[in-house]
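Below is one structure; the comments refer to it alone.
In our numbering, the protein residues as written are -18 to 309.
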């Protein structure tokens, strides 16, 4: 039990904050929907329920992925967060389907809802709270990717960097962006439906909110399916390779792999040294390289093998994400 509590303390903080906030919002939206019967509010209610459940599972998965390796699982539990996220998107997928289905029904058979004051009040509170969580996720994205920003630059830079954030943070970012945008869309739809004869506005908003939820489902599914299979990080691979080749004792790099293990990076490389180097000298070189590579953000495990220089240059320094060593 004590081990579980220690692991939970290491869980993704953005996810648990988002889960709690969305649970509160879901309750408020559910009360508003049952009082008014507003279909846009129904869509938002399902959205918040899905987000709250999703983000809670993400928090649990991110925490359990920190568990130390065991005899049965010597490679650790890093990819567990990817598996949890794959399961979590099923919840969002179901909620997306129900949201779109209800929206289509309302478009075909439009009805006028009541309680505009209640709906607008609840949605306004929800947008403010979800916007707060989104802003926290934006700052977490920048923190995890090593980008500094202040003011409005936090918003703009986070959209360019979120793909490089940890899986759990990326999910929270996407879900709360869609939640905030969906809340604003629902407000517009309710105002249109109330002050014009366009009763289908709420149904259209519901379909659009469901569509945005499906976007999150697709994005998260493909990202984490790649993580479960074992995805390489080409950008960090080239960065580490370019750094290692500049070491005065390294003659060449035969092979280098940077594998994503959930929120961590596992690095393996085989470098060529001069054949005259002693074991003691090689050991010093290894320690130096391991320390330098371990300082890279996200790297938690480094394995280095040595071979004697064969005189054929394999590694070519490059700043592109797709370059690789030439085949021998």
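Here a beta-carbon is modelled for each residue, glycine too, at the ideal position from N, C-alpha and C.
- DSSP places residue 140 in the helix class (H, G or I) of the three-state scheme.
- In this structure, the CA atom of residue 208 is about 23 angstroms from the CA atom of residue 128.
- Between the alpha carbons of residue 157 and residue 112 lies a distance of about 7 angstroms.
- When C-beta atoms of the region 65 to 76 are compared with those of the region 196 to 206, three or more pairs fall below 8 angstroms, so the two segments count as touching.
- Residue environment analysis places residue 55 among the exposed positions, since fewer than 16 neighbouring C-beta atoms fall within 10 angstroms of its C-beta.
- With respect to residue 190, residue 222 sits apart: the two C-beta atoms are not nearer than 7 angstroms.
- When the five nearest sequence neighbours on each side are left out, the beta carbons in the same chain lying within less than 6 angstroms of the beta carbon of residue 180 are those of 91, 93 and 174, in order along the chain.
- With a cutoff of 7 angstroms on beta-carbon distance, residue 83 and residue 20 are scored as near each other.
- Judged by beta-carbon spacing, residue 99 lies within the 7 angstroms limit of residue 13, meaning their Cβ atoms are closer than that value.
- When secondary structure is reduced to three states using DSSP, residue 281 falls in the strand class.
- Around the C-beta of residue -8, 16 or more other C-beta atoms lie within 10 Å, and the residue is accordingly described as buried.
- Look at residue 209 here: in three-state DSSP terms it is helix.
- Taking C-alpha positions only, residue 152 is separated from residue 165 by approximately 20 angstroms.
- Proximity of the region 30 to 50 to the region 124 to 140 falls short of the contact definition, fewer than three beta-carbon pairs being nearer than 8 angstroms.
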